[in-house]
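Protein chains in written order, with the working numbering: chain A, 1 to 235; chain B, 1 to 290. Virtual Cβ for every residue (Gly too), placed ideally from N, Cα, C. All of these numbers come straight from a predicted model, not from anything done at the bench.
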Ligand SMILES: Nc1ncnc2c1ncn2[C@@H]1O[C@H](COP(=O)(O)OP(=O)(O)OP(=O)(O)O)[C@@H](O)[C@H]1O
Ligand SMILES: [Mg+2]
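#1: How about residue 50/A: is its C-beta nearer than 9 Å to some C-beta of chain B?
#2: Figure out for me which residue from 207/A, 28/A and 23/A has the closest Cα to the Cα of residue 181/A.
#3: Near residue 9/A, what residues of its chain come up, given a Cβ to Cβ distance below 8 Å and the 5 sequence neighbours on each side ignored?
#4: Can you find the residues in the same chain that come closer than 7 Å, C-beta to C-beta, to residue 72/A, ignoring five residues on each side of it along the sequence?
#5: With a threshold of 7 Å on Cβ separation, who are the neighbours of residue 25/B within its own chain once the five nearest residues in sequence on each side are excluded?
#6: Taking the alpha-carbon positions, what's the residue 290/B to residue 89/B distance?
#7: What whole-angstrom Cβ distance do residue 200/A and residue 32/A have, given they're in contact under 8 Å?
#8: On the premise that residue 64/B lies in contact with residue 316/B, defined as a C-beta separation below 8 Å, what is that separation, rounded to the nearest angstrom?
#9: Strictly below 7 Å CB to CB, what residues from chain A border residue 176/B?
#10: Residues around ligand 1, please: the condition is that the C-beta lies closer than 6 Å to some non-hydrogen atom of it.
#11: For the alpha helix (DSSP H) that contains residue 38/B, what are its first and last residues?
#12: Between the C-alpha atoms of residue 215/A and residue 62/A, what's the straight-line distance to the nearest angstrom?
#13: Determine whether the Cβ of residue 127/A lies closer than 9 Å to any Cβ atom of chain B.
#14: Would you grab the beta carbon distance between residue 193/B and residue 75/B for me? Rounded to a whole angstrom, and I think it's under 8 Å.
#15: For residue 293/B, name the three-state secondary structure that DSSP assigns.
#16: Which residue wins for smallest C-alpha separation from residue 32/B, given the options 101/B, 196/B, 271/B and 166/B?
#17: Counting Cβ pairs, one atom from each stretch, are 3 or more of them under 8 Å apart for the region 10-17 of chain B and the region 243-250 of chain B?
#18: What in chain A is Cβ-close to residue 161/B, meaning under 8 Å?
#19: Find the residues of chain C that neighbour residue 192/B, judging by a C-beta separation of less than 7 Å, and give them in chain order.
#20: Terminal residues of the continuous beta strand (DSSP E) containing residue 137/B?
#21: Only counting the same chain, and skipping five residues up and downstream in sequence, which positions put a Cβ closer than 7 Å to that of residue 201/B?
#22: Let me check understanding here. Comparing Cα to Cα, which of 94/A, 151/A, 171/A and 165/A lies closest to residue 132/A?
#23: Is the distance from the Cβ of residue 165/A to the Cβ of residue 137/A below 9 Å?
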């Protein structure tokens with residue numbers, strides 16, 4: 001069943017149009033990757049999905065309900081959660097305070113403090129540290145946990161691998177199997193096409209704000225991705 | 001001639017100055033709003049309290065609670081009706097709006113209460129004293145100081161132990177992410193402004209018991225609030241408290257040395273600290289994130 005649906009979405013920053021006529025769907029329990037180069041409009045699309053930026057034209061539906069004009073906090077309470085680009089932890093709060101804040105307005109669901117500590121056992125050791133004192137990988141664990149604790153139906157992840165060492169990226173991605181087991185849908189924004197493809201069921205490739213390719217991750221060819229990603233046919 | 005009573009009185013006044021600063025810093029830290037009407041709300045607290053005392057004859061603690069409730073509602077309304085429409089990267093519209101509001105409140109006070117200087121009389125407690133270290137200290141200043149300390153402690157507990165307090169701190173860090181966790185930004189802001197105004201208005205009421213006030217006192221109170229914030233820093237309860245105590249003690253010692261000096265010595269001390277810190281004033285008003 002379709003959980004999240006975008007129809008012909010145009011998002012503007014003042015006069016600058018960032019996405020053009022974007023349509024995409026995310027099914028219940030599905031992992032969808034959105035790939036594209038710098039400035040392709042990936043983060044913009046996630047912002048529109050959680051209501052941080054209103055789209056000028058088009059519709060957004062969550063579980064069949066029209067949520068196009070819904071405020072961000074209301075969308076969040078209906079089950080959309082964001083792991084933002086660059087982590088954006090509350091830097092003056094401790095790790096645990098970051099997590100407690102996420103629980104305060106959470107929906108009912110499987111995720112509890114205990115469960116996220118089980119997911120990332122290392123997090124227990126720095127739970128009382130200030131968020132600003134953490135390494136990038138540690139911050140990413142907290143950012144994912146914070147989003148999970150709202151018990152979302154769809155988890156939006158923006159460039160989890162940004163600025164992290166390959167080994168740390170693999171550890172972060174390894175936890176996704178555990179997250180998927182709870183039936184949550186995942187939207188994965190990445191610049192790293194290889195990782196995005198292997199971690200997803202389907203993928204969309206954006207080029208300058210337009211969907212250039214929509215395909216099943218298991219069958220799409222690297223050539224097709226490359227062409228859509230760079231917008232040119234290799235000769 | 002002992003300076004001990006002067007210093008103790010300075011601490012009492014200073015605790016209230018600390019609350020003035022805390023209220024201003026709270027609104028600025030969380031919402032990036034420089035509330036120019038802050039001083040007028042402080043004075044308003046005194047007028048509302050004085051009216052309640054004379055009309056209802058309720059005991060002082062009850063009046064303090066009533067003033068807290070009323071001024072919280074005022075702060076809430078200020079944010080909801082006016083300031084929430086002006087939030088954005090540019091702090092100037094809210095500054096101009098609150099400046100206009102300060103003029104309105106000041107003139108309304110003149111219109112309604114008259115321009116004369118007054119003080120609140122709360123009867124026998126005013127003159128009671130106890131003997132400490134061989135000098136007589138008023139009971140009232142001690143009670144007022146303890147109320148100020150209590151309010152700081154309550155604020156500390158609120159900010160560190162409750163969801164609302166954590167939401168305040170988080171809103172100062174990154175309000176967008178707070179929204180993605182299901183918090184209504186405008187509601188959080190309205191409560192924060194309500195609290196900021198309440199703290200300052202209660203302090204204004206308590207100060208009016210010890211010193212005089214008029215509709216024009218707001219400017220002076222605002223200036224002191226700024227000084228407390230700049231000396232004590234924005235995100236620090238302890239900083240506000242200590243800065244307030246410092247200014248209060250310096251001012252009263254100055255008054256003792258030269259009874260005509262008014263708040264001059266406090267301002268001088270502030271100026272010296274500014275020089276010492278080489279404070280980068282414009283940096284205070286630049287938004288960290290749009
Ligand atoms: N706050 C903003 N104001 C104005 N323009 C913006 C803003 N944020 C993004 N843009 C513009 O919108 C376009 C899409 O940006 P977006 O951040 O969505 O791209 P992205 O695919 O996430 O890129 P990256 O891989 O660098 O994160 C870019 O041209 C960018 O310059
Ligand atoms: Mg991006």
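Reading it off the structure:
#1: yes
#2: Nearest neighbour of residue 181/A by Cα position, chosen from 207/A, 28/A and 23/A, turns out to be 28/A.
#3: 19, 21, 22, 23, 45, 48, 55, 57, 58, 59 and 60
#4: 50, 51 and 52
#5: Here the set comprises 229, 234 and 240.
#6: Low per-residue confidence applies at residue 290/B: pLDDT is 42, beneath 50, and the placement is therefore not dependable enough to give any value.
#7: Between residue 32/A and residue 200/A the Cβ distance is about 6 Å, and since that is below 8 Å, they are a contact.
#8: A query on residue 316/B cannot be resolved here, the shown segment of chain B reaching from 1 to 290 and no further.
#9: Within chain A, the residues near residue 176/B are 52.
#10: 13/A, 16/A, 18/A, 36/A, 38/A, 39/A, 40/A, 41/A, 42/A, 43/A, 44/A, 85/A and 191/A
#11: First-last of the alpha helix (DSSP H) with residue 38/B: 38-56.
#12: 22 Å
#13: It does not; no Cβ of chain B falls within 9 Å.
#14: 4 Å
#15: Residue 293/B falls outside the range modelled here, since chain B spans only 1 to 290, and no answer is possible.
#16: Considering only alpha carbons, the answer is 196/B.
#17: Judged by Cβ distances under 8 Å, the region 10-17 of chain B makes contact with the region 243-250 of chain B, as three or more pairs qualify.
#18: Those do not exist, as residue 161/B stays about 10 Å from chain A at its closest Cβ, beyond 8 Å.
#19: The chain labelled as chain C is not found among the protein chains of the depicted structure, namely A and B.
#20: 135-138
#21: 41, 42, 44, 45, 67 and 71
#22: Minimum Cα distance to residue 132/A is reached at 94/A.
#23: Cβ distance < 9 Å, so residue 165/A and residue 137/A count as in contact.
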